[in-house]
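Residue numbers (the working numbering): 247 to 369.
Structure (structure tokens):
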């Protein structure tokens, strides 16, 4: 769970080993390169007040994220899709193809960050 400043305020049991050290810290302090990838989805979920799902590729892993606004926080659910396998050129190539296919299958429509009802949103 993240607060309005993207501070980690709660960690589920399935991510305890990975995310517990982040508790009380702004997520981007620990993974700054992820902010441009994850941040827009989190912002969209907050803005529209509904869950938003989006695929990301970060640090050799493809994931499907689901950001669910819950009052002043958002719950972030992570589904691991695929991971780079660097044991050989063959396994690397195969894992890249799997990641590409997973991300392509889950490609969302581009986020429209303009406010609904705004004259800018009209064609």
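Think of the CB as a built atom: it goes at the ideal place given N, C-alpha and C, for glycine as much as any other residue.
Between the C-alpha atoms of residue i and residue j, what's the straight-line distance to the nearest angstrom?
i, j, result
"residue 320", "residue 348", "25 Å"
"residue 293", "residue 281", "17 Å"
"residue 363", "residue 295", "Low confidence applies here, because residue 363 scores a pLDDT of 45, under 50, leaving its location unreliable; read the following figure in that light. Approximately 15 Å, taken between the alpha carbons."
"residue 338", "residue 317", "42 Å"
"residue 336", "residue 325", "25 Å"
"residue 333", "residue 261", "26 Å"
"residue 274", "residue 346", "26 Å"
Are residue i and residue j touching if we call contact CB-CB under 8 Å?
i, j, result
"residue 328", "residue 312", "no"
"residue 263", "residue 255", "no"
Identify, in the order they occur along the chain, each residue of the same chain with its Cβ nearer than 7 Å to the Cβ of residue i, setting aside the five sequence neighbours on each side.
i, result
"residue 272", "251, 252, 253"
"residue 302", "283, 284, 309, 311"
"residue 269", "254, 257"
"residue 276", "268"
"residue 304", "280, 283"
"residue 306", "329, 330"
"residue 368", "Annotation note: pLDDT 40 at residue 368 (below 50); position unreliable, no value reported."
Exposed or buried, what is residue i when buried is set at 16 or more other beta-carbons lying within 10 Å of its beta-carbon?
i, result
"residue 350", "exposed"
"residue 284", "buried"
"residue 278", "exposed"
Taking 6 Å as the limit between beta carbons, can you name the residues of its chain near residue i, skipping five residues before and five after?
i, result
"residue 291", "298, 313, 315, 320"
"residue 341", "330, 331"
"residue 265", "257"
"residue 323", "312"
"residue 247", "255, 256, 319, 321"
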